[in-house]
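Chemist: Got a structure for you, written out below as structure tokens; questions coming shortly.
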Amino acid sequence: MTAPPRPSRLGTGLPPFYCPLPRDLVHPEAKEVESRAVAWLDAFGLYPDPVERAWGLATHSADFSCRIIPEGDVEAVLLFTQWNYWANAVDDWQDSGSDEVGTAAVVEHGVRLLRTIEDPGVSVLPDGPMTRALLDLVDRTHALLTPYELRRFVEGTRDWLLGAAWRAARAEAGSMPGLNDFVAMGPLANGTRFSLTWSDVARRDRLPADVLCSPALTVLTDAAGFVVSADNDLFSYDKDDHLEPREVNLVNVLAHQEGCSPAEAVPLAAALRDRVMVLFTGLRARLEHGADAAEGGGEMRRHLAALGHYVAGSIAWQTRAPRYASPRNRYELPVENAQFTVRYAEEPSFTGTGAPDLPALASWWRQLHG
Numbered sequence: 011m012t013a014p015p016r017p018s019r020l021g022t023g024l025p026p027f028y029c030p031l032p033r034d035l036v037h038p039e040a041k042e043v044e045s046r047a048v049a050w051l052d053a054f055g056l057y058p059d060p061v062e063r064a065w066g067l068a069t070h071s072a073d074f075s076c077r078i079i080p081e082g083d084v085e086a087v088l089l090f091t092q093w094n095y096w097a098n099a100v101d102d103w104q105d106s107g108s109d110e111v112g113t114a115a116v117v118e119h120g121v122r123l124l125r126t127i128e129d130p131g132v133s134v135l136p137d138g139p140m141t142r143a144l145l146d147l148v149d150r151t152h153a154l155l156t157p158y159e160l161r162r163f164v165e166g167t168r169d170w171l172l173g174a175a176w177r178a179a180r181a182e183a184g185s186m187p188g189l190n191d192f193v194a195m196g197p198l199a200n201g202t203r204f205s206l207t208w209s210d211v212a213r214r215d216r217l218p219a220d221v222l223c224s225p226a227l228t229v230l231t232d233a234a235g236f237v238v239s240a241d242n243d244l245f246s247y248d249k250d251d252h253l254e255p256r257e258v259n260l261v262n263v264l265a266h267q268e269g270c271s272p273a274e275a276v277p278l279a280a281a282l283r284d285r286v287m288v289l290f291t292g293l294r295a296r297l298e299h300g301a302d303a304a305e306g307g308g309e310m311r312r313h314l315a316a317l318g319h320y321v322a323g324s325i326a327w328q329t330r331a332p333r334y335a336s337p338r339n340r341y342e343l344p345v346e347n348a349q350f351t352v353r354y355a356e357e358p359s360f361t362g363t364g365a366p367d368l369p370a371l372a373s374w375w376r377q378l379h380g
């Protein structure tokens with residue numbers, strides 16, 4: 011008789027998610043994208059055996075890609091999907107807990123990966139299925155993206171790799187960071203700009219650099235990234251709860267700071283996440299109002315909508331991803347159709363509207379009235 015999986019340290023269920031955004035949107039060609047992406051994975055032999063393949067497909071990377079980009083050019087969405095399957099394979103290596111995957115290894119691989127994306131001819135990665143698949147991705151990305159879009163994608167990749175290296179360094183040191191440090195640097199590993207570049211590419215929208223990099227839109231993008239990162243820390247918590255020292259994530263950081271259990275830290279994580287969601291919706295509404303009177307306002311409105319798809323689509327994807335709902339530290343193989351029971355809240359769990367007492371977040375609130 012198979013023993014039931016051990017219970018979650020988070021308690022009996024996830025907290026309600028406050029998400030006043032359009033939900034359950036998905037690209038109409040999602041099935042085609044998934045089929046072609048999986049064929050690409052198999053053609054490059056990205057997974058060494060059927061077990062690794064099962065866990066790779068359990069990421070549901072196609073579902074993620076088609077939910078955060080529910081419209082636009084199929085070829086761009088396909089390429090983004092293939093990037094996500096590839097990046098999740100790297101992420102699993104980084105999170106494996108193996109003695110071989112220390113900070114030095116994560117940094118070394120990250121630098122070589124970045125240089126390969128910028129110049130695929132540098133030949134600084136060892137030959138193998140992962141490198142051959144990467145070179146295919148890089149060649150096609152260079153062909154599809156404009157120089158500025160490519161630069162945005164590289165910067166987004168750098169965010170992801172820097173965040174992963176910082177988390178690896180903290181884990182290697184065996185010390186949990188303070189909350190301000192975590193909210194400033196932890197969400198980098200989410201790779202928000204890695205993903206959002208492809209939303210604009212798929213829609214063929216090209217906002218000017220001065221607009222994309224404006225203080226208000228930078229804060230809005232960072233706020234979306236924080237919410238998605240916080241949600242991922244909840245959905246993925248069980249996947250990494252076997253690691254010692256404990257995984258550097260929002261729940262564990264709060265539990266360490268408050269001297270409480272992970273379950274007792276969940277409402278604190280939800281409250282901070284909801285405060286940022288309130289900021290996100292308020293600032294997005296202000297920018298939408300400004301876009302109505304501006305030249306090129308249609309592109310801005312679509313970009314703002316894409317940020318909403320990123321937040322809401324990430325929740326819908328993680329709800330249904332066996333990678334999280336039947337994690338590998340509890341199951342030999344992913345459970346088909348495994349999913350979380352998710353509730354949506356009508357109101358945020360934190361009722362205040364002011365900035366939190368965290369320097370890494372407090373400056374964001376100034377943009378609400380800019």
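Sequence positions in the sequence shown follow our numbering and run 11 to 380.
All C-beta atoms, glycine included, are put in the ideal place defined by N, C-alpha and C.
(1) Measure the CB-CB distance between P197 and G173 and report whether it falls below 8 Å.
(2) Find out if the Cβ-Cβ distance for the pair H313, D215 is shorter than 8 Å.
(3) Would you mind stating whether F27 and A279 have Cβ atoms separated by less than 8 Å?
(4) How would you write the range of the alpha helix (DSSP H) that F290 sits in, first residue to last?
(5) Does M11 come out as helix, strand or coil in the three-state DSSP assignment?
(6) Apply the 10 Å Cβ neighbour rule to E254 and answer buried if 16 or more other Cβ atoms are within range, or exposed otherwise.
(7) Is F163 closer than 8 Å to T126 when the C-beta atoms are compared?
(8) May I ask you to report which of helix, strand or coil DSSP gives F27?
(9) For R33, I'd like the list of residues in its chain whose CB is within less than 7 Å of its CB, leaving aside the five on either flank, ordered along the chain.
(10) On the DSSP letters alone, give me the boundaries of the alpha helix (DSSP H) that V134 sits inside.
(11) Could you tell me if C223 is buried or exposed, where buried requires 16 or more neighbouring beta carbons within 10 angstroms of its beta carbon?
(12) Checking the sheet assignment: what are the DSSP bridge partners for D355?
(13) Please list the terminal residues of the continuous alpha helix (DSSP H) segment that includes N262.
(14) My output table needs one value for F236: the three-state DSSP class, helix, strand or coil.
(15) Skipping 5 residues on each side, what residues in its chain have a beta carbon closer than 8 Å to that of H334?
(16) For M195, report the span of its alpha helix (DSSP H) as first-last.
(17) Measure the alpha-carbon distance for G66 versus R122 and round it to whole angstroms.
(18) What is the DSSP secondary structure of Y158, counted as helix, strand or coil?
(19) Kindly list the residues whose CB is nearer than 6 Å to the CB of P139, restricted to its own chain and excluding five residues on each side of it in sequence; keep chain order.
(20) Quick one: residues in its chain with C-beta nearer than 8 Å to the C-beta of D291, no 5 flanking neighbours on either side, listed in chain order?
(21) Helix, strand or coil for A97 per DSSP?
(22) What separation, rounded to the nearest whole angstrom, lies between the Cα atoms of W50 and N98?
(23) Let me check understanding here. Comparing Cα to Cα, which of L160, A47, S71 and D102 lies closest to A219?
(24) Terminal residues of the continuous alpha helix (DSSP H) containing I325?
(25) What residue from A370, L343, W170 and A234 has the CA that sits closest to P15's CA?
Modeler: With the given structure in hand:
(1) Yes; because the gap between Cβ atoms is below 8 Å, this pair is in contact.
(2) yes
(3) Contact: no.
(4) P272 to D302
(5) Residue confidence for M11 is low, a pLDDT of 41 falling below 50, so the modelled location carries little weight and cannot support an answer.
(6) With fewer than 16 Cβ atoms within 10 Å of its Cβ, E254 is classed as exposed.
(7) no
(8) strand
(9) Contacts found: A322 and A326.
(10) Boundaries cannot be given for V134, as no alpha helix (DSSP H) includes it and DSSP labels it neither H nor E.
(11) exposed
(12) In the sequence under discussion, the amino acid at residue 355 is Ala, which differs from the Asp named in the question. DSSP output for A355 lists Y28 as bridge partner(s).
(13) L260 to E268
(14) helix
(15) Note that residue 334 is Tyr in the sequence shown, not His. F245, S246, D248, K249, Q328 and F350.
(16) L189 to M195
(17) C-alpha separation (whole angstroms): 23 Å.
(18) helix
(19) F54, G55 and L56
(20) Here the sequence assigns Thr to residue 291, which means Asp is not the residue at that position. Only P30 and L31 meet the Cβ criterion.
(21) helix
(22) 15 Å
(23) L160
(24) Where I325 is concerned, the enclosing alpha helix (DSSP H) stretches over G307 to R330.
(25) L343
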